[in-house]
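Numbering (our numbering), first residue to last: 158 to 326.
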């Protein structure tokens, strides 16, 4: 399950998810408690739900600590993750795979051709720090009419090892 965070304008943020109860039980209470926000969950026409708000502290947290920007094409792996200990990198890769992965592949749409920094980071960590062989990100063709950006994938050569070492299965 993935929660998408969108920064549409400076300090205008949306948390988007297809499960309303997760937003109600997990995200909304934390936002209201930690940042003293009054939030409302609203449905979107595409069948998902969103919490939308304007908050300078959250914007600064997302932009300064996690490198998220208003223009999503510049999003990369958060610098905190790049510099994190191996166990946190593992959790990042695990959650990324849960959101974007599918049997032996990790997919990701990206705003530029010939470049997908999040998958490049994952590929480097798997190859160099975990010894799990996988490919470099490669562009793939998709039939998804809603995806107007290039899609990339990495292929995990030793999927059983990946499941054991990263996914704890």
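Backbone N, C-alpha and C fix where the C-beta goes; we use that ideal spot for every residue, glycine too.
For the alpha helix (DSSP H) that contains residue 319, what are its first and last residues?
316-322
To the nearest whole angstrom, what separates the beta carbons of residue 253 and residue 263, a pair I think is in contact under 8 Å?
7 Å
Taking residue 311 as the reference, which of 261, 213 and 321 has the closest Cα?
261
Taking the Cβ atom as the reference point for each residue, do residue 319 and residue 297 lie within a distance shorter than 7 Å?
no
Would you mind listing the alpha helix (DSSP H) stretches within the region 197-259 that are 4+ residues and don't spill past its ends, in chain order?
213-217, 236-239 and 243-257
Quick check: what's the CA-CA separation for residue 256 versus residue 249?
11 Å
Does the beta carbon of residue 196 fall short of 6 Å from some heavy atom of the ligand SAM?
Of ligands this structure carries none, so the ligand SAM is not represented either.
Residue interval of the beta strand (DSSP E) (run including residue 311):
308-312
Taking one C-beta from the region 232-249 and one from the region 202-218 each time, how about it: are there three or more such pairs within less than 8 Å?
no
What is the rounded straight-line gap between the Cα of residue 198 and the Cα of residue 190?
16 Å
Per-residue DSSP class, three states only, for residue 175:
coil
Beta bridge counterpart(s) of residue 263 as assigned by DSSP:
258 and 311
For the beta strand (DSSP E) that contains residue 296, what are its first and last residues?
295-297
What does the Cβ neighbour count give for residue 273, buried or exposed, with the cut at 16 atoms within 10 Å?
buried
Whole-number beta carbon distance between residue 282 and residue 246, since they are thought to touch under 8 Å:
5 Å
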